[in-house]
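A.B. asks: The structure's right below; bear with me while I get my questions together.
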Amino acid sequence: MTTFNDQPQPFVSSKTARAMARLLADEYGFRVRKVDTIRLMEGRNGRRRVSLDVVVPDDTWLAYDRGLPRAKRLTMVPVARPHKSVMRDLDTHDASGTTLPVLTRQENTDIAASVVVYELLGRRGYDSASPELWQAITSIVGGDSQQSVQDAETLIETGCHAGRRVLDPPDLSELAVHLLRDLAECFLLIALVPQSSAGERVLVKYSFHWGAEDASAERRAVWWRTVRAALGWSDYPLRIGVGGAAEALSHHLEVHAPRGLATAGLEFPRSPLTSNSSDSAVSSVAHAVETYVPAVSEEDLEGEAVPAGPRIATLQLRVPRGGVRLVALISTLITALVFSLEQVLPGAHETLLERSDGAAALLLAAPAIVIALMIGTDENRLTGHLLRPLRFIIFLCSTSLAIGAASLVGQLHDPWITILWRGGAILHTILFLLVVSGYAAGTVRGRRNTHDTVARIEGAGS
Numbered sequence: 001m002t003t004f005n006d007q008p009q010p011f012v013s014s015k016t017a018r019a020m021a022r023l024l025a026d027e028y029g030f031r032v033r034k035v036d037t038i039r040l041m042e043g044r045n046g047r048r049r050v051s052l053d054v055v056v057p058d059d060t061w062l063a064y065d066r067g068l069p070r071a072k073r074l075t076m077v078p079v080a081r082p083h084k085s086v087m088r089d090l091d092t093h094d095a096s097g098t099t100l101p102v103l104t105r106q107e108n109t110d111i112a113a114s115v116v117v118y119e120l121l122g123r124r125g126y127d128s129a130s131p132e133l134w135q136a137i138t139s140i141v142g143g144d145s146q147q148s149v150q151d152a153e154t155l156i157e158t159g160c161h162a163g164r165r166v167l168d169p170p171d172l173s174e175l176a177v178h179l180l181r182d183l184a185e186c187f188l189l190i191a192l193v194p195q196s197s198a199g200e201r202v203l204v205k206y207s208f209h210w211g212a213e214d215a216s217a218e219r220r221a222v223w224w225r226t227v228r229a230a231l232g233w234s235d236y237p238l239r240i241g242v243g244g245a246a247e248a249l250s251h252h253l254e255v256h257a258p259r260g261l262a263t264a265g266l267e268f269p270r271s272p273l274t275s276n277s278s279d280s281a282v283s284s285v286a287h288a289v290e291t292y293v294p295a296v297s298e299e300d301l302e303g304e305a306v307p308a309g310p311r312i313a314t315l316q317l318r319v320p321r322g323g324v325r326l327v328a329l330i331s332t333l334i335t336a337l338v339f340s341l342e343q344v345l346p347g348a349h350e351t352l353l354e355r356s357d358g359a360a361a362l363l364l365a366a367p368a369i370v371i372a373l374m375i376g377t378d379e380n381r382l383t384g385h386l387l388r389p390l391r392f393i394i395f396l397c398s399t400s401l402a403i404g405a406a407s408l409v410g411q412l413h414d415p416w417i418t419i420l421w422r423g424g425a426i427l428h429t430i431l432f433l434l435v436v437s438g439y440a441a442g443t444v445r446g447r448r449n450t451h452d453t454v455a456r457i458e459g460a461g462s
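For the sequence shown, this note's numbering begins at 1 and goes up steadily by one.
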């Protein structure tokens with residue numbers, strides 16, 4: 001094997017490029033089952049573990065024999081096309097726990113470039129491809145995703161890269177366009193499996209730290225979704241990249257919610273090429289299955305768009321009715337009662353002023369207790385993000401009680417003390433109603449989901 005130097009050149013023979021291109025065009029043919037498990041842990045990341053049940057290709061042109069004796073030669077198996085980002089703490093091994101090597105970033109880039117050039121030019125044009133074309137394709141498949149996506153679209157539409165014409169766009173096949181767009185956004189991860197396993201089904205497992213991504217990048221939209229989810233008015237959507245529809249015959253996705261949150265739904269993106277089962281149960285673990293349907297006919301696809309490249313599954317996260325939400329409910333109720341009763345009960349205001357020391361001691365003890373309940377340690381970033389509005393409400397309650405106690409100890413005079421306590425009563429009554437409305441909205445949503453589930457089951461039965 002050779003690699004690119006200053007002058008681009010074919011990294012592998014046209015037969016090896018063709019063999020790899022066939023695998024990428026027919027991934028479900030050798031990837032039988034994919035089990036994708038995500039655990040949302042402390043901090044900003046989760047741990048993503050993928051188990052692939054693959055049939056190792058029995059093709060000598062996929063052999064990786066750089067300096068290896070014949071008995072220890074390896075076969076190149078493309079296991080994934082993850083988004084171009086740092087795969088932190090990547091670990092690849094087989095079912096027995098034995099570590100499997102993977103190609104280096106440069107080798108992955110060279111293989112990907114060879115596959116794209118082969119699909120663009122075919123067997124005859126592969127060996128005679130111009131250095132400018134090799135340079136353009138290598139730059140796209142190996143460069144930053146944002147810039148590479150733009151360069152790929154320019155190349156597809158005009159045949160130009162960096163101001164130079166390197167390709168004739170009308171000659172591009174559908175597969176070539178698909179691979180070029182896909183590998184501009186993702187990189188090719190290739191594992192090396194013992195050649196002795198060729199033709200057999202083996203398990204290839206890999207895991208890495210995975211960063212969660214909000215369903216909306218707009219800050220205002222994220223803030224509003226966070227408030228709605230914290231109060232219980234709606235669920236919080238989370239984006240999960242799941243790759244192409246034909247990556248495996250069967251794709252199982254499982255997501256474990258972080259402590260303090262629950263899952264309320266998990267769904268694969270819809271595609272005419274797949275049969276999906278979603279999960280709408282409220283639990284600590286969400287599970288969904290996608291089955292590829294390779295026998296789908298062209299008539300079935302008429303009028304329907306088939307998504308290409310990486311796709312997005314959606315996980316719905318829910319703030320449970322207990323925990324911090326319950327603390328917020330109790331806090332707002334107690335605070336609203338304290339401020340309201342002081343205004344409503346006959347003689348309550350005068351009594352508190354006469355016994356300011358005792359009342360202050362009682363009210364000042366409450367903030368310390370409430371603040372202790374709202375402290376969260378070693379929690380996932382998403383948990384802290386979604387619980388922040390509730391914790392702010394709890395903090396506001398405790399602060400209001402402290403200010404009320406201080407107004408009694410300091411013997412604040414009218415009309416300021418009346419304004420303070422009346423305003424506190426109004427504010428915390430509104431907060432209490434907001435928190436209660438979330439419980440009511442959750443009840444209505446649960447009944448609606450139950451009704452939809454029953455209707456779906458009855459429809460399937462008929």
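Heads up, the beta-carbon is just placed ideally off N, CA and C, and yes, glycines get one too. Note that the structure is predicted; figures quoted are calculated from it, not measured.
1. I'd like the ranges of any alpha helix (DSSP H) spanning at least 4 consecutive residues and lying wholly in the stretch 245-286.
2. Go to LEU317, then tell me how far its beta strand (DSSP E) extends in each direction, as first and last residue.
3. Only counting runs of 4 or more residues, tell me where the alpha helix (DSSP H) segments fall wholly within the stretch 371-420, in order along the chain.
4. For GLU153, which three-state DSSP category applies?
5. With a cut-off of 8 Å on the beta carbons, I'd call GLY260 and GLY323 a contact; round off their distance for me.
6. Tell me which residues share the same chain as GLU133 and place their Cβ nearer than 7 Å to its Cβ, disregarding the 5 neighbours each side in the sequence.
7. Assuming contact is defined by CB atoms lying nearer than 8 Å, are ILE156 and MET76 in contact in what I supplied?
8. From VAL55, LEU329 and ALA288, pick the residue whose C-alpha is nearest to that of ILE240; which is it?
9. Can you confirm whether the stretch 277-285 touches the stretch 336-347 when touching is taken to mean that 3 or more C-beta pairs between the two stretches lie within less than 8 Å?
10. Around the Cβ of LEU341, are there at least 16 other Cβ atoms within 10 angstroms (buried) or fewer (exposed)?
11. For the candidate residues ALA198, SER234, GLU290 and ALA336, whose alpha-carbon lies nearest to that of ILE318?
12. Which residues in the same chain as ARG422 place their Cβ atom closer than 7 Å to its Cβ, once the five residues preceding and following it in sequence are excluded?
13. For VAL338 and ALA257, what's the separation of their Cα atoms in angstroms?
14. Does the count of Cβ pairs from the stretch 26-46 and the stretch 126-146 closer than 8 Å reach three?
15. With a threshold of 8 Å, are at least 3 pairs of Cβ atoms found where one atom belongs to the stretch 191-198 and the other to the stretch 381-399?
16. So, for MET87: in the same chain, excluding its five sequence neighbours on each side, which residues have a beta-carbon less than 7 Å away from its beta-carbon?
17. Could you check whether the stretch 329-338 touches the stretch 428-443, counting it as contact only if at least three pairs of C-beta atoms, one from each stretch, sit closer than 8 Å?
18. With which residues is ASP94 paired in a DSSP beta bridge?
19. To the nearest angstrom, how far is it from the Cα of LEU13 to the Cα of GLU247?
20. Just to confirm my understanding: we take ARG105, look at its own chain, exclude 5 residues before and 5 after, and list those with CB closer than 7 Å. What are they?
21. Starting from VAL177, trace the alpha helix (DSSP H) in both directions and tell me its first and last residue.
22. Near GLU299, which residues of its chain fall below 6 Å by C-beta distance, leaving aside the five closest residues on each side in sequence?
23. Within the same chain, show all residues whose beta-carbon is closer than 6 Å to that of PRO389, passing over the 5 residues directly before and after it, in chain order.
24. Would you identify the three-state DSSP class for VAL79, choosing helix, strand or coil?
25. In the DSSP assignment, the alpha helix (DSSP H) including THR16 goes from what residue to what residue?
26. Within its chain, find whatever has a CB closer than 6 Å to the CB of PRO320; leave out the 5 residues flanking it on each side and keep chain order.
27. Please list the terminal residues of the continuous beta strand (DSSP E) segment that includes ASP36.
28. What does the alpha-carbon distance come out to for the pair ALA425 and ARG81?
29. Which residue marks the beginning of the beta strand (DSSP E) containing ARG239, and which one marks its end?
30. Nearest to GLU27 by CA position, among MET41, ILE38 and ASP53, is which residue?
C.D. replies: On the basis of the data shown:
1. The stretch 245-286 is shown to contain no whole alpha helix (DSSP H) run of 4 or more residues.
2. Looking at the DSSP string, the run of the beta strand (DSSP E) that includes LEU317 is 312-318.
3. Contiguous alpha helix (DSSP H) elements confined to the stretch 371-420 occur at 381-409, taking only those with 4 or more residues.
4. In the structure shown, GLU153 adopts helical secondary structure according to DSSP, grouped into three states.
5. Confirmed, Cβ separation roughly 6 Å.
6. One point to set straight first is that residue 133 is Leu, not Glu, in the sequence displayed. Excluding sequence neighbours, LEU133 sits near VAL117, VAL166 and LEU167.
7. It is not a contact, given that the beta carbons lie outside the stated cut-off.
8. The residue among VAL55, LEU329 and ALA288 with its C-alpha nearest the C-alpha of ILE240 is ALA288.
9. Counting C-beta pairs with one atom in each stretch, the stretch 336-347 and the stretch 277-285 have fewer than three that are closer than 8 Å, which means they do not touch.
10. So LEU341 ends up on the exposed side.
11. Here the sequence assigns Arg to residue 318, which means Ile is not the residue at that position. Residue SER234 holds the alpha-carbon nearest to the alpha-carbon of ARG318 among ALA198, SER234, GLU290 and ALA336.
12. Correct list, in chain order: GLN343.
13. Pairing VAL338 with ALA257, the inter-Cα distance amounts to about 37 Å.
14. Here the stretch 26-46 makes no contact with the stretch 126-146; the two share fewer than three CB pairs at distances below 8 Å.
15. Not touching, per the Cβ criterion.
16. The residues PHE208, in chain order, have a CB closer than 7 Å to that of MET87 in the same chain once the five nearest residues on each side in sequence are set aside.
17. The stretch 329-338, when compared against the stretch 428-443, does touch it at the 8 Å Cβ threshold.
18. Listed as beta-bridge partners of ASP94 by DSSP are VAL204.
19. Note on identity: in this sequence residue 13 is Ser, with Leu being the wrong assignment. So the two alpha carbons sit approximately 25 Å from each other.
20. Answer for ARG105: no residue qualifies.
21. Element bounds for VAL177: 174-185.
22. Caution is warranted here: a pLDDT of 46 is assigned to GLU299, below 50, making its placement in the model unreliable, and the coordinate value is therefore given only provisionally. Around GLU299: no qualifying Cβ.
23. Correct list, in chain order: VAL227 and ALA230.
24. Here VAL79 sits in strand by DSSP.
25. Segment 14-25, the alpha helix (DSSP H) holding THR16.
26. These residues qualify, in order along the chain: ALA262.
27. That run of the beta strand (DSSP E) goes 31-40.
28. When rounded, the distance between both Cα atoms is 57 Å.
29. Per DSSP, ARG239 belongs to the beta strand (DSSP E) from 236-241.
30. For the residues MET41, ILE38 and ASP53, the minimum Cα distance to GLU27 belongs to ASP53.
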